[in-house]
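Below is one structure; the comments refer to it alone.
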Amino acid sequence: MDKVPARQSKRWSVANIIGSVSTSHVPAIGGAIFRHLQQDAYWKPFFDGYPPVQQWLAREQPDVVVVVYNDHGLNFFLDKMPTFAIGAAPSYTSADEGWGIPTIQPVAGDQDLSWTIIDHVIPAGFDFTTCQEMLIDHAVTIPLQLLWPDRVAPVKIVPISINTVQYPLPSAQRCLALGRAIGQAIKEYPSDQKVLVLSTGGLSHQLDGERAGFINPEFDRLCLDSIVNNVETLTCYSSSELVELSGTQGVEILNWIVGRGILGGQAHETHRNYYIPISNTASALQVLEPLT
Ligand code: DHB
Ligand code: FE
Numbered sequence: 014m015d016k017v018p019a020r021q022s023k024r025w026s027v028a029n030i031i032g033s034v035s036t037s038h039v040p041a042i043g044g045a046i047f048r049h050l051q052q053d054a055y056w057k058p059f060f061d062g063y064p065p066v067q068q069w070l071a072r073e074q075p076d077v078v079v080v081v082y083n084d085h086g087l088n089f090f091l092d093k094m095p096t097f098a099i100g101a102a103p104s105y106t107s108a109d110e111g112w113g114i115p116t117i118q119p120v121a122g123d124q125d126l127s128w129t130i131i132d133h134v135i136p137a138g139f140d141f142t143t144c145q146e147m148l149i150d151h152a153v154t155i156p157l158q159l160l161w162p163d164r165v166a167p168v169k170i171v172p173i174s175i176n177t178v179q180y181p182l183p184s185a186q187r188c189l190a191l192g193r194a195i196g197q198a199i200k201e202y203p204s205d206q207k208v209l210v211l212s213t214g215g216l217s218h219q220l221d222g223e224r225a226g227f228i229n230p231e232f233d234r235l236c237l238d239s240i241v242n243n244v245e246t247l248t249c250y251s252s253s254e255l256v257e258l259s260g261t262q263g264v265e266i267l268n269w270i271v272g273r274g275i276l277g278g279q280a281h282e283t284h285r286n287y288y289i290p291i292s293n294t295a296s297a298l299q300v301l302e303p304l305t
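Residue numbers for the sequence shown follow the numbering used here, so the first one is 14 and each next one is one higher.
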């Protein structure tokens, strides 16, 4: 049967990915924001990393943020854990996760972009769980608060959740391929919107078990350096090897790898901050802009 040609869009412009921000999402940051501890000796080296990023975003004014993160049990739990899930909801609500941190106001969803990604990525072989209702946890709310500290984030979001929590985890290679497919969908999206990629989690940390408190600065440096233009260095590792090298929760680096795939192409690192420890975690912040 002949295929009916797809309807052509009359719009000439396509969405523009302005860059990517990757940041840790430790819940204690939410408590520090709530208590205004940004200038406290413990917190200052961490929070001092963010003003250059906030100023860049104030200049760039993205319309929508594609947030790549892992849900920590608020929305999915160990009994049902999708490998890849995407929100397609009109808005997203946060809820009490038990960390004692304030919730934030609901964040608007960009349903058009969600469905553009879903319609591109599922036929390309990445079988997302699509969620028309989805709660967002600290891995979304805290990064938004770090990027827009004085106001409700002036953006819509598309939340994308990667299983970094429950065996079996997706491979780094698969995460990079997923990211690239999402990036392709965004680059073909007929819209004049400016899109920011925000990936959250990491870097090395382990919250429980015999290695609780484990941090690996050498591997963190390799991650930060490789993510810029040599992400294949990281996709050589299996997810078990990533757990070994970065800790059971440090494997949240998979979210960064998806984010790097979405940005695609060659990138320029415009900002980095790395500070040990924040809570149990090697905290990190990295900004990449596409090289045109
Ligand atoms: C911590 C880090 C995380 O990534 C997380 O999801 C929860 C807690 C921590 O370092 O305390
Ligand atoms: Fe986490």
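Using N, Cα and C, we set each Cβ at its ideal position, and we do this for glycine too.
Closer than 8 Å: residue i CB and nearest the ligand FE heavy atom
i           : result
residue 262 : yes
residue 265 : yes
residue 85  : yes
residue 214 : yes
C-alpha distance - residue i paired with residue j, whole-angstrom precision
i           : j           : result
residue 245 : residue 197 : 18 Å
residue 260 : residue 231 : 13 Å
residue 129 : residue 123 : 10 Å
residue 142 : residue 274 : 19 Å
residue 114 : residue 106 : 14 Å
residue 156 : residue 169 : 14 Å
residue 280 : residue 242 : 6 Å
residue 26  : residue 213 : 29 Å
residue 272 : residue 81  : 6 Å
residue 262 : residue 73  : 32 Å
residue 29  : residue 277 : 12 Å
residue 298 : residue 238 : 12 Å
residue 120 : residue 89  : 19 Å
residue 210 : residue 223 : 34 Å
residue 296 : residue 189 : 22 Å
residue 96  : residue 60  : 32 Å
residue 110 : residue 51  : 23 Å
residue 91  : residue 171 : 23 Å
residue 146 : residue 98  : 11 Å
residue 294 : residue 305 : 34 Å
residue 149 : residue 87  : 7 Å
residue 177 : residue 194 : 19 Å
One or two residues paired with residue i in a DSSP bridge
i           : result
residue 287 : 297
residue 144 : 100
residue 106 : 148
residue 209 : 32, 78
Cβ-heavy atom distance, residue i to the ligand MN, below 8 Å
i          : result
residue 28 : Ligands in the displayed structure: the ligand DHB and the ligand FE; the ligand MN is not one of them.
C-beta neighbour in chain D for residue i, strict 9 Å
i           : result
residue 165 : In summary, chain D is missing from the structure at hand, where a single protein chain is found.
Cβ-heavy atom distance, residue i to the ligand DHB, below 8 Å
i           : result
residue 153 : no
residue 294 : yes
residue 291 : yes
residue 40  : yes
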